[in-house]
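Have a look at the structure below, then the notes.
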């Protein structure tokens, strides 16, 4: 597994054997970042970060900063240190729903969400109300899940969905406010 593009393109990402992490495939990561386009200067949160691949790829491609959150940050910590990213990436050891409930409003442009597939429904229920709150205007949530149990967020609009084998990647954003109807002149 490697960083695909940007200033760290081609550098190895370690996924230690024996750890219960499921890194996002290179194919899916390439498709995600191709769809995102320019992410220069964006603030990124990588929830359930595992090895940190999505957050690290973001910083490599020009994101201004990334916060990697997981209940065990050791797999990501090795990659962050090996790639010299300790100034650009913050590691937070916490349960994602607990952490997100205290994150400041509008603090992220991108939120990556890749929880254990077996926990998808519970995770979606716990995160749904806070995801829109932590997004900056125009911010997006990119969720990865198993095709048998996709993550669903009723408070967000789904704007794109792609399948990569058994993996479903869904792009969400905060719904646009309804347009006000202007009364017609009499």
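Numbering (the working numbering), first residue to last: 13 to 198.
Even glycine gets a Cβ: it sits at the ideal position worked out from N, Cα and C.
Does the Cβ-Cβ distance between residue 43 and residue 56 come in under 7 Å?
-> Residue 43 sits at position 31 when you count from the first residue of the chain shown. Residue 56 sits at position 44 when you count from the first residue of the chain shown. Cβ distance not < 7 Å, so residue 43 and residue 56 don't count as in contact.
Touching or not, the segment 54 to 72 and the segment 117 to 132, by the rule of three or more beta carbon pairs under 8 Å?
-> When C-beta atoms of the segment 54 to 72 are compared with those of the segment 117 to 132, three or more pairs fall below 8 Å, so the two segments count as touching.
Whole angstroms is fine: what's the gap from residue 91's alpha carbon to residue 99's?
-> If you number the chain shown from 1, residue 91 lands on position 79. If you number the chain shown from 1, residue 99 lands on position 87. Each residue's Cα considered, the two are about 13 Å apart.
Exposed unless 16 or more other CB atoms sit within 10 angstroms - verdict on residue 35 = Within the chain shown, residue 35 is the residue found at index 23, counting from 1. By the 10 Å Cβ count, residue 35 comes out buried.
Span of the alpha helix (DSSP H) around residue 45 | Along the chain shown, one-based indexing puts residue 45 at 33. Per DSSP, residue 45 belongs to the alpha helix (DSSP H) from 38 to 48.
Name the residue from 87, 158, 26 and 188 whose alpha carbon lies nearest to the alpha carbon of residue 129.
-> Looking up residue 129 in the chain shown gives position 117. The candidate whose alpha carbon is nearest that of residue 129 is 158.
Can you say whether residue 172 is buried or exposed, counting buried as having 16 or more other CB atoms within 10 angstroms of its CB?
-> In the chain shown, the residue the question calls residue 172 occupies position 160. Label assigned to residue 172: exposed.
What are the residues that DSSP puts in a beta bridge with residue 156?
-> Locating residue 156 in the chain shown gives position 144, where the first residue counts as 1. Per DSSP, 181.
Skipping 5 residues on each side, what residues in its chain have a beta carbon closer than 8 Å to that of residue 141?
-> As a first step, residue 141 must be located in the chain shown, where it is residue number 129. If we look at residue 141 and ignore the five residues flanking it on each side, its Cβ neighbours are 167.
Can you say whether residue 133 is buried or exposed, counting buried as having 16 or more other CB atoms within 10 angstroms of its CB?
-> Sequence index remark: in the chain shown, residue 133 carries index 121 (1-based). Counting Cβ neighbours within 10 Å, residue 133 comes out exposed, since fewer than 16 surround it.
Residue 151 to residue 67, Cα distance in whole Å?
-> As a working mapping, residue 151 is identified with position 139 in the chain shown. As a working mapping, residue 67 is identified with position 55 in the chain shown. Rounded to the nearest angstrom, the two C-alpha atoms are 15 Å apart.
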